[in-house]
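Colleague:
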Amino acid sequence: MLINNNLKNCREELEITQEELGKVLGVSRKTVTGWENNYDTMPLRKMVQFSNLYKYSLDYITGLSSKNEYVKIDKLDKKKIGNNLKELRVNLKMTQKQIADECMISQTTYSNYETGQYLITTLTLYTICYNHKLSIYNIIR
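In this text, residue positions in the sequence shown follow numbering that gives the first Met the number 0: the first is 0, and each later residue adds one.
1. So, helix, strand or coil for R28, using DSSP?
2. Please determine, among N137, Y59, C128 and N90, the residue with the shortest C-alpha to C-alpha distance to N8.
3. Do N67 and Y55 have their beta-carbon atoms positioned less than 8 Å apart in this structure?
4. Between the Cα of Y136 and the Cα atoms of G21, D76 and T16, which residue gives the shortest distance?
5. May I have the straight-line CA-CA distance separating K96 from G25, to the nearest angstrom?
6. Check whether the Cβ of L24 lies closer than 8 Å to any Cβ atom in chain B.
7. Quick one, which of Y38, G21, D39 and T32 has its alpha-carbon nearest F49's?
8. Note down, in chain order, each residue of its chain lying with its Cβ closer than 7 Å to the Cβ of H131, except the 5 sequence neighbours on either side.
In structure tokens form, the structure reads like this:
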């Protein structure tokens, strides 16, 4: 699954070039091009940085929402996100394997997200939110 992202639209609304955005985010113009064209997925930390700098909601950037309802994210807490993932999974009455399968990742990888060992990837987060009609903020809050 590819993120139907609005990053390019956001950047163009801001009237900044890919190179300028790259400098602000500490990446190359080529990296920004990859994100905009879905050759690569923008890392969650970079997306939060972009969101906070330019006041775009994560749901809007990823195409989960057509409305820009910006919410500031102060910190990405892996443990808290993991707890939210577990709570969501339990509420959905799904196993780790079922969630992992729908995200096309291993159960071990998903388990590492739930336990807070690793920060969830943008693509996995998007997939969960897209499949279950959730806001990204439901998980990273």
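Where is the CB? At the ideal position from N, CA and C, for every residue including glycine.
Modeller: According to the data block:
1. helix
2. Y59
3. yes
4. D76
5. 36 Å
6. In the displayed structure, chain B is absent; only one protein chain is listed.
7. G21
8. L91
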